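**Student:** What follows is a structure written as structure tokens; I'll ask about it next.
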Amino acid sequence: MTKNLQIDVDERGYYGRFGGAYIPEMLHPNIEQLKNTYREMTAGPAFKKEFDALLKDYVGRPSPLYFAKRLSAHYGTNIYLKREDLNHTGAHKINNTIGQILVAQRLGKKRIIAETGAGQHGVATATVCALVGLQCIVYMGEVDIARQAPNVARMRMLGAEVRPALSGSKTLKDATNEAIRDWINNPEDTHYIIGSVVGPHPYPDMVARFQSVISEEMKWQLQEKLGRDYPDAIVACVGGGSNAAGAFYHYLNDERVRLVAVEAAGLGVDSGESAATSVLGTEGIIHGSRTLLMQTEDGQVIEPYSISAGLDYPGIGPLHAFLIDSKRAEAISVTDEDALAAALFTARTEGIIPALETAHAFSALDQMEYGPDDVIVVCLSGRGDKDLAAFTTYLDGLGK
Amino acid sequence: MNRLTELFNQKKANLLNVYFTAGYPQLDSTVTIIRNLAEAGADLIEVGMPYSDPMADGETIQQSSMKALANGMTLDTLFKQLPLTRTYTDVPLVLMGYYNQVMQYGPERFVKAAKAAGVDGLILPDLPVFEYEREFRDIAERHDMQVTFLITPQTDEERIRKIGELSTGFIYVVSSSSITGKSGEITDGQKAYFARIAAMNLSQPKLIGFGISDAKSFRTACEYANGAIIGSAFIRALKDVDDVAAATRSFVRGIVAPTEVGV
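Heads up: the sequence lines are chains Y and W, in that order. Everything in the first sequence is counted per this note's numbering, starting at 20 for the first residue and increasing by one. Everything in the second sequence is counted per this note's numbering, starting at 34 for the first residue and increasing by one.
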């Protein structure tokens, strides 16, 4: 690995050969406007002031960095949990929706659309729309509507309209397709709040920047606790990859820090029912971005599978494709069963019920090696209230 | 000479371009559909390469694509079917699909195979101008494969000129800000947009598409451009039919010579 890593997006939205904006002409004006304005706009003092104030007083940031004593003892190392589950709405997703709603307001948009998998991004979008009084429409796969019912109810309570995506596998990929189609149909009054570091440039970079508050806080929190501002490893789950992007962001160029991206293996990487994109994926284009995706030889997107709606996605963001391809990050895949077991173990060892997505990151600890003095940060991206139905079924099966 | 160039030299008005999804309604409908479209009066034909995630397409083309893929359509199959049409017709053929399909086949290998199969042009709606110039233009030009770009009501004049310079085939004038498959009357706002484009005197032929669904909307579109493109309405006309050839002929006649159609 080179000493001077300079991992950043170029002006066309590429990380190495991954990224770009492969979009129909119908979306060009909106994407061009965002591309030309987002950096300057979000760097402005008025924007920063409003963003920071909302993160502090509305979201409840900074999120704690908690030393998980019993987990650490179990694994024989030092495990810290970045508590994004304690944010308002229960996940890291709101960091990005706060940022993007401020962008949408400044662009004069009146109508907000979003896609959601687990429903956390949908809830976070519905929340910020209620906060500023904008109309909100959330596309969600029909399968996900059924398996994440509590979040559907929350979105309705917040005044959002949840529209089922009925095409394909009826999950996150298809919800994203529907949201893109909506934007094509409503180019002038609508802003599309993408929930992950996916999609055409500038979304992957913009979302990563809004989520980068996670690693920004980690730096001073580690400094306070340990007298050094970096860990030895950061572990985060990756569907599209937004919590991982935020947790890695300020350490991308710091090669002392191992970056571990945890994907959903579903029923097993070789089972045909998986979402482990870094293993099963090849270079191609999905949702406007050149990245790694699961596809046939003919370029047809393969329907993914994971018990976790938020990781049930056949691609990964272009930043992660670049990090994995260049070996800057390592990928670990975790099955449904192992994720469920890790959720139960975390609940009973630390008194924290993680989201199914996050449970994959916890399970990855079983596959990693580390020394007794190492410092490992797990990004605890979300809480598991929405997954109680899946957990209950699991517990019933175990007879516990 | 490229068949598209020949066509545009010969005919300047009322060009009818009909889209269908290859592999729909049956895997082997391709030759039947192309032959009958051409014989009934289509001037050029857009062959849709079915894709799993067609982001610019509405429900009709999504569903026909899913069916076509379930029927087993692949690019290799399509490239075997297309040459068979040349026994019957010299109608120009334009392939429409998404860039990932081209990328996975290999851009140069794809263009060569398409050319060998008798394809004259390409429409790849998610390959924008910048990416086209960077990774595809040389290949297309080397093999005389004409490439069509889309313009929309939101495309500004400078960009339209740029797209005009890059388009080697016709320019695809998207009739409204929408995905494919809408139907209904052409509005005054749309007419004003068509007139604005017409007044730009672009050198390439212009065909209006998206939302053109019947004889009336076809005729209106033709007042402002060299012709028009019908897609979803034709796909709908093929749904559940027993005789694909007859349904195809009757659909085209309903567009180009509606008064002659018996009921």
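Note that the Cβ used here is the ideal one computed from N, Cα and C, for glycine as well. If you're wondering where the values come from, they're calculated on a predicted model, not measured in any experiment.
Rounded to the nearest angstrom, what separates residue 137/Y and residue 224/Y at their Cα positions?
**Tutor:** Along the first sequence, one-based indexing puts residue 137/Y at 118. Along the first sequence, one-based indexing puts residue 224/Y at 205. In a straight line, the C-alpha of residue 137/Y is about 22 angstroms away from that of residue 224/Y.
**Student:** Measure the C-alpha to C-alpha separation of residue 363/Y and residue 357/Y and round it to an integer number of angstroms.
**Tutor:** Residue numbering aside, residue 363/Y sits at position 344 when the first sequence is read from its first letter. Residue numbering aside, residue 357/Y sits at position 338 when the first sequence is read from its first letter. Roughly 10 angstroms separates the two Cα atoms.
**Student:** State the beta-bridge partners of residue 116/W as determined by DSSP.
**Tutor:** In the second sequence, residue 116/W corresponds to position 83, counting from 1. Paired residues: none, contrary to the question.
**Student:** Measuring only between beta-carbons, confirm whether residue 222/Y sits less than 9 angstroms from chain W.
**Tutor:** For the purposes of this step, residue 222/Y is taken as the residue at position 203 of the first sequence. Not one chain W Cβ lies under 9 angstroms of residue 222/Y.
**Student:** Can you find the residues in the same chain that come closer than 8 angstroms, C-beta to C-beta, to residue 386/Y, ignoring five residues on each side of it along the sequence?
**Tutor:** Here residue 386/Y refers to the residue found at position 367 of the first sequence. Taken in chain order, the residues that qualify are 351 and 353.
**Student:** Got a sec: is the Cβ-Cβ distance from residue 219/W to anything in chain Y below 9 angstroms?
**Tutor:** Along the second sequence, read from residue 1 onward, the residue named residue 219/W stands at position 186. With 9 angstroms as the cut-off, residue 219/W does not count as an interface residue toward chain Y.
**Student:** Any contact between the stretch 178 to 191 of chain Y and the stretch 89 to 101 of chain Y? By contact I mean 3 or more CB pairs, one from each, below 8 angstroms.
**Tutor:** Result no; under three Cβ-Cβ pairs closer than 8 angstroms.
**Student:** Quick one: what does DSSP say residue 338/Y is sitting in, helix, strand or coil?
**Tutor:** Within the first sequence, the letter at position 319 stands for residue 338/Y. Three-state DSSP puts residue 338/Y in a helix.
**Student:** Are residue 78/W and residue 126/W close, meaning C-beta to C-beta below 9 angstroms?
**Tutor:** Within the second sequence, numbered from 1, the residue matching residue 78/W stands at position 45. Within the second sequence, numbered from 1, the residue matching residue 126/W stands at position 93. Against a cut-off of 9 angstroms, the Cβ pair of residue 126/W and residue 78/W comes out as a contact.
**Student:** Pick out whichever of 292/Y, 324/Y, 414/Y and 281/Y has its Cα sitting closest to the Cα of residue 377/Y.
**Tutor:** Against the first sequence, residue 377/Y aligns to sequence position 358. Here the closest residue by C-alpha is 281/Y.
**Student:** My understanding is that residue 270/Y touches residue 276/Y, with C-beta atoms under 8 angstroms, so please give their C-beta distance in whole angstroms.
**Tutor:** For the purposes of this step, residue 270/Y is identified with residue 251 of the first sequence, where counting begins at 1. For the purposes of this step, residue 276/Y is identified with residue 257 of the first sequence, where counting begins at 1. So it is a contact: roughly 4 angstroms between Cβ atoms.
**Student:** According to DSSP, is residue 167/Y part of a helix, a strand, or is it coil?
**Tutor:** Within the first sequence, residue 167/Y is the residue found at index 148, counting from 1. Three-state DSSP puts residue 167/Y in coil, outside helix and strand.
**Student:** Going by CA-CA distance only, name the one from 250/Y, 253/Y and 216/Y that's closest to residue 259/Y.
**Tutor:** Walking along the first sequence from the start, residue 259/Y turns up at place 240. When each option's Cα is compared against that of residue 259/Y, the closest is 216/Y.
**Student:** Of all the options 140/Y, 85/Y, 153/Y and 190/Y, which has the alpha carbon lying nearest to the alpha carbon of residue 173/Y?
**Tutor:** As a first step, residue 173/Y must be located in the first sequence, where it is residue number 154. Of the candidates 140/Y, 85/Y, 153/Y and 190/Y, the one whose C-alpha sits nearest the C-alpha of residue 173/Y is 140/Y.
**Student:** With a threshold of 8 angstroms, are at least 3 pairs of Cβ atoms found where one atom belongs to the stretch 158 to 171 of chain Y and the other to the stretch 240 to 255 of chain Y?
**Tutor:** Because the criterion of three Cβ pairs below 8 angstroms is not met, the stretch 158 to 171 of chain Y and the stretch 240 to 255 of chain Y do not touch.
**Student:** Measuring straight from C-alpha to C-alpha, what distance separates residue 338/Y and residue 264/Y?
**Tutor:** Reading the first sequence from its first residue, position 319 is the one you call residue 338/Y. Reading the first sequence from its first residue, position 245 is the one you call residue 264/Y. When rounded, the distance between both Cα atoms is 8 angstroms.
**Student:** So does the stretch 54 to 71 of chain W actually touch the stretch 270 to 287 of chain W, counting three or more Cβ pairs closer than 8 angstroms?
**Tutor:** Yes, the stretch 54 to 71 of chain W touches the stretch 270 to 287 of chain W.
**Student:** CA-CA distance, residue 141/W and residue 248/W?
**Tutor:** As a first step, residue 141/W must be located in the second sequence, where it is residue number 108. As a first step, residue 248/W must be located in the second sequence, where it is residue number 215. Approximately 38 angstroms between the Cα atoms of the pair.
**Student:** Report buried or exposed for residue 416/Y, applying the criterion of at least 16 other Cβ atoms within 10 angstroms of its Cβ.
**Tutor:** Locating residue 416/Y in the first sequence gives position 397, counting from the first residue. Classification of residue 416/Y: exposed, given that the 10 Å Cβ count is below 16.
**Student:** Taking all protein chains shown into account, do 16 or more other C-beta atoms lie within 10 angstroms of the C-beta of residue 369/Y, making it buried, or fewer, making it exposed?
**Tutor:** The residue labelled residue 369/Y in the question sits at position 350 within the first sequence. It counts as buried.
**Student:** Are the stretch 122 to 139 of chain W and the stretch 91 to 106 of chain W touching by the rule of at least three beta carbon pairs closer than 8 angstroms?
**Tutor:** Result no; under three Cβ-Cβ pairs closer than 8 angstroms.
**Student:** Would a C-beta distance cut-off of 9 angstroms place residue 299/Y and residue 329/Y closer than the cut-off?
**Tutor:** In the first sequence, the residue the question calls residue 299/Y occupies position 280. In the first sequence, the residue the question calls residue 329/Y occupies position 310. Cβ atoms of residue 299/Y and residue 329/Y: not closer than 9 angstroms.
**Student:** Is it buried or exposed, residue 34/W, if we count other Cβ atoms within 10 angstroms and call 16 or more buried?
**Tutor:** As a position in the second sequence, residue 34/W is number 1, starting the count at 1. Under this definition residue 34/W is an exposed residue.
**Student:** Per DSSP, which residues does residue 279/Y bridge with? Please list them.
**Tutor:** Here residue 279/Y is taken as the residue at index 260 of the first sequence, counted from 1. Looking at the DSSP assignment, residue 279/Y forms a beta bridge with 254/Y and 349/Y.
**Student:** State the DSSP-derived secondary structure class of residue 182/Y, mapped to helix, strand or coil.
**Tutor:** As a first step, residue 182/Y must be located in the first sequence, where it is residue number 163. In the structure shown, residue 182/Y sits in a strand (DSSP, three-state: E or B).
**Student:** Can you have a look at residue 233/W and say buried or exposed, based on whether 16 or more other CB atoms are within 10 angstroms of its CB?
**Tutor:** Within the second sequence, numbered from 1, the residue matching residue 233/W stands at position 200. Exposed, since its Cβ has fewer than 16 Cβ neighbours within 10 Å.
**Student:** Can you list, in chain order, the stretches of the beta strand (DSSP E) that have 3 or more residues and sit fully within the stretch 199 to 228 of chain W?
**Tutor:** Listed in chain order, they are 204 to 207.
**Student:** Relative to the alpha-carbon of residue 272/W, which residue among 190/W, 46/W, 217/W and 57/W has its alpha-carbon at the smallest distance?
**Tutor:** For the purposes of this step, residue 272/W is identified with residue 239 of the second sequence, where counting begins at 1. With distances taken between Cα atoms, residue 272/W lies closest to 57/W.
**Student:** Excluding five sequence neighbours on each side, which residues of the same chain lie with their C-beta closer than 8 angstroms to the C-beta of residue 42/Y?
**Tutor:** Locating residue 42/Y in the first sequence gives position 23, where the first residue counts as 1. Contacts found: 50, 219 and 307.
**Student:** Along chain Y, which residues have their Cβ under 8 angstroms away from the Cβ of residue 129/W?
**Tutor:** On the second sequence, residue 129/W is found 96 positions in, with the first residue counted as 1. The contacting residues do not exist; residue 129/W stays about 12 angstroms from chain Y at best.
**Student:** Helix, strand or coil, according to DSSP, for residue 120/Y in the structure here?
**Tutor:** Stepping through the first sequence from its first residue, residue 120/Y is reached at position 101. The answer is helix: DSSP assigns residue 120/Y an H, G or I state.
**Student:** Can you tell me which residues form a DSSP beta bridge with residue 102/Y?
**Tutor:** Here residue 102/Y refers to the residue found at position 83 when the first sequence is read from its first residue. In DSSP, residue 102/Y forms a bridge with 399/Y.
**Student:** Report the partner residues of residue 241/W according to the DSSP bridge assignment.
**Tutor:** Taking the first residue of the second sequence as position 1, residue 241/W is located at position 208. DSSP, once it has assigned bridges, lists 206/W and 261/W as partnering residue 241/W.
**Student:** Using DSSP's beta-bridge definition, name the partner residues of residue 373/Y.
**Tutor:** Against the first sequence, residue 373/Y aligns to sequence position 354. DSSP output for residue 373/Y lists 402/Y as bridge partner(s).
**Student:** Verify the CB distance criterion: does residue 34/W have a CB-CB separation below 9 angstroms to chain Y?
**Tutor:** Sequence index remark: in the second sequence, residue 34/W carries index 1 (1-based). It does not: the Cβ of residue 34/W has no partner Cβ on chain Y nearer than 9 angstroms.
**Student:** Note down the Cα distance separating residue 91/Y from residue 266/Y, rounded to an integer number of angstroms.
**Tutor:** Numbered from its first residue, the first sequence carries residue 91/Y at position 72. Numbered from its first residue, the first sequence carries residue 266/Y at position 247. Residue 91/Y and residue 266/Y: Cα-Cα distance of roughly 20 angstroms.
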